[in-house]
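Working notes, structure below.
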Amino acid sequence: MLSVIFLILSILSGAYFVLINIASPGTFLGTIFSFSAVWLLIAVFFALLFVLERQKILKKILLGISKTSKIILVSFICTGVFIAGLNLFFICTPRLSDGNENVRYVIVLGGGITKNAKLTDSVQNRVRVASEYLKSHPTSLAVVTGGKGKFAPCPESDVLKPVLASYGIDENRILAENKAKDTIQNFMFSAELFAEHDGITVEEVLASPVAIVTSDFHIARAERLASRMGFSDVYGVASKTPPLFILNSYCREICSYVKLNLRILLTGKPNHL
Numbered sequence: 093m094l095s096v097i098f099l100i101l102s103i104l105s106g107a108y109f110v111l112i113n114i115a116s117p118g119t120f121l122g123t124i125f126s127f128s129a130v131w132l133l134i135a136v137f138f139a140l141l142f143v144l145e146r147q148k149i150l151k152k153i154l155l156g157i158s159k160t161s162k163i164i165l166v167s168f169i170c171t172g173v174f175i176a177g178l179n180l181f182f183i184c185t186p187r188l189s190d191g192n193e194n195v196r197y198v199i200v201l202g203g204g205i206t207k208n209a210k211l212t213d214s215v216q217n218r219v220r221v222a223s224e225y226l227k228s229h230p231t232s233l234a235v236v237t238g239g240k241g242k243f244a245p246c247p248e249s250d251v252l253k254p255v256l257a258s259y260g261i262d263e264n265r266i267l268a269e270n271k272a273k274d275t276i277q278n279f280m281f282s283a284e285l286f287a288e289h290d291g292i293t294v295e296e297v298l299a300s301p302v303a304i305v306t307s308d309f310h311i312a313r314a315e316r317l318a319s320r321m322g323f324s325d326v327y328g329v330a331s332k333t334p335p336l337f338i339l340n341s342y343c344r345e346i347c348s349y350v351k352l353n354l355r356i357l358l359t360g361k362p363n364h365l
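With this note's numbering applied, the sequence shown covers 93 to 365.
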């Protein structure tokens with residue numbers, strides 16, 4: 093019975109890996125070095141357990157592990173589950189916009205483009221939500237963010253700006269930030285662009301109400317980063333994650349949120365702009 097469970101888990105993990113990569117095409121190397129490769133590794137892991145169980149080897153291995161090692165292993169797993177659950181709670185409870193705030197600046201975070209310089213469904217949703225927000229806040233100014241990724245054909249902002257404009261947003265209201273390599277740089281360069289455009293200081297931008305448009309799973313971390321960097325009044329505007337990508341996106345976000353917490357704890361970074 094146990095071997096059947098291992099086989100089913102291996103097949104499900106492998107199938108999920110294939111499905112999310114078919115639904116979000118990219119380069120081969122981009123797939124190998126993305127979080128989605130975890131599902132392939134999980135599939136291999138359960139396939140190995142299946143073989144060991146079928147060959148009656150798994151029980152011998154478990155019996156050969158000392159009681160102390162088993163306690164340490166179980167404690168490690170329980171601690172990991174607790175930390176993951178705690179971080180997931182914060183990920184799922186961001187500060188969201190109610191649409192009534194008086195926002196001057198809107199930051200639209202990118203999320204990667206395909207090898208053909210197209211937006212994924214997830215990022216397309218962000219742009220669509222951003223356009224709706226900008227239409228309901230006609231005096232606001234937007235910046236689309238994203239430099240050129242390692243496997244991308246061009247800076248992401250070069251793709252985001254015309255797509256956002258295609259939803260009926262005046263291009264004069266859209267600034268393009270095309271240098272950032274991560275979310276921290278997204279905020280840093282966006283603040284500088286807003287300040288330059290309006291002829292004010294970065295500190296004045298940081299003190300102004302700002303809306304951040306990104307996917308629902310990413311809102312909490314984006315808000316925390318923005319707050320650490322000095323943005324004092326931040327509103328999250330969330331776009332829905334396509335159903336197929338929910339599991340992968342939230343699992344990846346848990347890892348990213350834990351990584352951010354460790355970075356803040358160990359280095360105190362990111363710093364105030």
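All C-beta atoms, glycine included, are put in the ideal place defined by N, C-alpha and C.
Start and end of the alpha helix (DSSP H) containing residue i?
i: residue 266; result: Counting along the chain, residue 266 falls outside any alpha helix (DSSP H), though it belongs to the beta strand (DSSP E) covering 266 to 269.
i: residue 305; result: No alpha helix (DSSP H) holds residue 305; the beta strand (DSSP E) holding it covers 301 to 307.
i: residue 225; result: 213 to 228
i: residue 261; result: Premise fails: residue 261 is in no alpha helix (DSSP H) and is neither H nor E.
i: residue 311; result: 311 to 320
i: residue 276; result: 275 to 290
What residue range does the beta strand (DSSP E) around residue i cover?
i: residue 114; result: That residue, residue 114, is in no beta strand (DSSP E); its alpha helix (DSSP H) goes 94 to 115.
i: residue 331; result: 325 to 331
Restricting to Cα atoms, I'd like to know which of the options is closest to residue i.
i: residue 335; options: 101, 102, 103 and 116; result: 116
i: residue 203; options: 363, 101, 247 and 147; result: 247
i: residue 288; options: 274, 276 and 268; result: 268
i: residue 135; options: 223, 100 and 319; result: 100
i: residue 190; options: 328, 359 and 138; result: 328
i: residue 362; options: 150, 343 and 314; result: 314
i: residue 244; options: 274, 279, 259 and 205; result: 205
i: residue 212; options: 281, 358, 332 and 354; result: 332
i: residue 251; options: 174, 321 and 210; result: 210
i: residue 178; options: 349, 105 and 364; result: 349
Tell whether a beta-carbon distance below 8 Å holds between residue i and residue j.
i: residue 311; j: residue 330; result: yes
i: residue 218; j: residue 201; result: yes
i: residue 263; j: residue 309; result: no
i: residue 214; j: residue 307; result: yes
i: residue 257; j: residue 266; result: yes
i: residue 300; j: residue 196; result: yes
i: residue 235; j: residue 261; result: no
i: residue 132; j: residue 98; result: no
i: residue 337; j: residue 112; result: yes
i: residue 276; j: residue 317; result: yes
i: residue 146; j: residue 326; result: no
For residue i, name the three-state secondary structure that DSSP assigns.
i: residue 177; result: helix
i: residue 144; result: helix
i: residue 149; result: coil
i: residue 233; result: strand
i: residue 254; result: helix
i: residue 341; result: helix
i: residue 166; result: helix
i: residue 195; result: coil
i: residue 157; result: coil
i: residue 188; result: strand
i: residue 121; result: Residue placement at residue 121 is poorly supported in this model, since its pLDDT is 43, which falls under 50; the coordinates still yield a value, given next. Helix at residue 121.
Can you find a CB in chain D that lies within less than 8 Å of the CB of residue i?
i: residue 163; result: As a matter of chain content, chain D is missing from the structure shown, which is built from one protein chain.
Cβ of residue i within 7 Å of any heavy atom in the ligand ZN?
i: residue 310; result: No copy of the ligand ZN occurs in the structure displayed, which carries no ligand at all.
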